[in-house]
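Asker: So the sequence lines, in the order shown, correspond to chains W and S. Take the first sequence: its position 64, counted from the start at 1, is 64 in the numbering used here, and no numbers get skipped. Take the second sequence: its position 100, counted from the start at 1, is 215 in the numbering used here, and no numbers get skipped. Beta carbons are placed, not taken as given, at the ideal position from N, Cα and C, and that holds for glycine. Treat the numbers as computed from the prediction; the structure is a model and nothing was measured.
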Amino acid sequence: NAGVTQTPKFRVLKTGQSMTLLCAQDMNHEYMYWYRQDPGMGLRLIHYSVGEGTTAKGEVPDGYNVSRLKKQNFLLGLESAAPSQTSVYFCASSYPGSQGKETQYFGPGTRLLVL
Amino acid sequence: AQSVAQPEDQVNVAEGNPLTVKCTYSVSGNPYLFWYVQYPNRGLQFLLKYITGDNLVKGSYGFEAEFNKSQTSFHLKKPSALVSDSALYFCAVRDSSTPGYSSASKIIFGSGTRLSIRP
């Protein structure tokens with residue numbers, strides 16, 4: 001199993017450009033998450049999904065949109081990139097067998113630089 | 116509101132010595148506590164978790180953590196550090212009283228502690 005994969009690994013955008021980050025998991029997990037990691041701030045939840053066709057806002061959703069059209073994929077979109085969105089983005093997934101107790105599995109991350 | 120704190124940005128330990136990475140938390144109900152490790156240019160990897168039961172939890176790579184309810188702490192420990200343990204460590208907490216699917220959004224990560232093991 002590949003686990004959780006993310007595409008692309010690194011991207012440079014100009015302010016105002018748009019892009020989509022792709023996350024894929026092959027573990028048949030119901031839950032998927034998008035986080036951003038900034039120095040000294042740990043991970044902050046952007047959006048999450050508890051199943052195919054459902055999404056919800058996390059702690060820092062502004063400027064991002066998501067879609068979960070297929071169970072194995074979770075897309076994160078930036079419609080108009082801003083320098084404040086320069087960060088490392090991590091996708092994660094988990095199996096909701098025991099809600100709250102489940103372990104999250106993380107992808108390798110996407111490093112985004114917005115100029 | 117729930118929160119988690121890792122009071123040390125960096126911990127430096129000599130190889131072979133014991134190590135401790137500190138974590139304290141605040142939740143309204145009973146906590147679910149997690150430790151994750153991040154190696155350079157990699158995603159987070161699960162180390163161990165406390166759900167209920169024995170306060171001493173054993174995890175991957177020889178790490179263990181002790182849940183202390185009175186001190187609201189969940190410190191990560193290892194008896195003998197290895198150079199390969201050098202990485203960024205994150206503590207995370209969920210409040211077990213959060214019902215239903217909303218628990219999916221309620222995990223809070225600490226700011227991370229960089230562990231450096233010198234040969």
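If you draw a straight line from the C-alpha of valine 4 of chain W to the C-alpha of alanine 24 of chain W, how long is it?
Answerer: Taking the straight line from one Cα to the other gives about 6 Å.
Asker: Are the C-beta of glycine 109 of chain W and some C-beta of chain S separated by less than 8 Å?
Answerer: It does; some Cβ of chain S falls within 8 Å.
Asker: Please name the residue, chosen from W:Thr20, W:Thr15, W:Gly16 and W:Lys14, that lies closest to glutamine 6 of chain W on a Cα-to-Cα basis.
Answerer: Comparing Cα positions, the closest option is W:Thr20.
Asker: Going residue by residue through the region 153-212 of chain S, where are the continuous beta strand (DSSP E) segments of at least 3 residues, counting only ones entirely within it?
Answerer: Segments of the beta strand (DSSP E) lying fully in the region 153-212 of chain S: 159-165, 171-173, 179-183, 188-193 and 202-210.
Asker: Would you please state the rounded distance, in angstroms, between the beta carbons of valine 114 of chain W and alanine 82 of chain W? I believe it to be under 8 Å.
Answerer: Right, the Cβ-Cβ distance comes to about 6 Å (below 8 Å), so this counts as a contact.
Asker: Is the distance from the Cβ of glycine 158 of chain S to the Cβ of proline 108 of chain W below 8 Å?
Answerer: Their beta carbons are under 8 Å apart, which means glycine 158 of chain S touches proline 108 of chain W by this criterion.
Asker: In chain W, what lies closer than 7 Å to serine 226 of chain S by C-beta?
Answerer: Under the 7 Å cutoff, chain W gives Gly40, Met41 and Gly42.
Asker: Between isoleucine 232 of chain S and valine 119 of chain S, is the Cβ-Cβ spacing less than 8 Å?
Answerer: Contact: no.
Asker: Spatial neighbours of glycine 131 of chain S within its chain, please: CB distance less than 7 Å, with the 5 preceding and 5 following residues excluded, ordered by chain position.
Answerer: So the qualifying residues of the chain are Ser195 and Ala196.
Asker: Which residues bound the beta strand (DSSP E) around glycine 58 of chain W?
Answerer: Taken as a continuous stretch (DSSP letters only), glycine 58 of chain W belongs to no beta strand (DSSP E), as it is neither H nor E.
Asker: Quick one, which residues of the region 154-180 of chain S are near chain W if we go by CB-CB under 8 Å, in chain order?
Answerer: Residues Asn156, Arg157, Gly158, Leu159, Gln160, Phe161, Lys164 and Ile166.
Asker: Go through its chain and collect everything with a Cβ distance to alanine 56 of chain W's Cβ below 8 Å, but skip five positions before and after it.
Answerer: Excluding positions up to five away in sequence, the list reads His47, Tyr48, Ser49 and Val50.
Asker: Identify the residues that DSSP records as bridge partners of tyrosine 89 of chain W: which are they?
Answerer: Paired residues: W:Arg36 and W:Thr110.
Asker: How is the beta strand (DSSP E) around histidine 47 of chain W delimited, first residue to last?
Answerer: Histidine 47 of chain W -> beta strand (DSSP E) spans 43-51.
Asker: Alpha carbon to alpha carbon, how far is serine 143 of chain S from glutamate 179 of chain S? Give it in angstroms, no decimals.
Answerer: Looking at the two C-alpha atoms, the distance is approximately 25 Å.
Asker: Excluding the 5 residues flanking proline 8 of chain W on each side, which residues of the same chain have their C-beta closer than 7 Å to its C-beta?
Answerer: Excluding sequence neighbours, proline 8 of chain W sits near Thr110.
Asker: Which same chain residues, not among the five before or five after valine 126 of chain S, have their C-beta less than 8 Å away from its C-beta?
Answerer: For valine 126 of chain S, where only same-chain residues beyond five positions count, the Cβ hits under 8 Å are Leu134, Thr135, Val136, Thr228, Arg229, Leu230 and Ser231.
Asker: Under 7 Å Cβ to Cβ from glycine 58 of chain W, same chain only, skipping five residues before and after it: list those, please.
Answerer: Excluding sequence neighbours, glycine 58 of chain W sits near Leu45, Ile46, His47 and Tyr48.
Asker: State the Cα-Cα distance for the pair glutamate 102 of chain W and tyrosine 95 of chain W, rounded to the nearest angstrom.
Answerer: Distance between the alpha carbons of glutamate 102 of chain W and tyrosine 95 of chain W: 6 Å.
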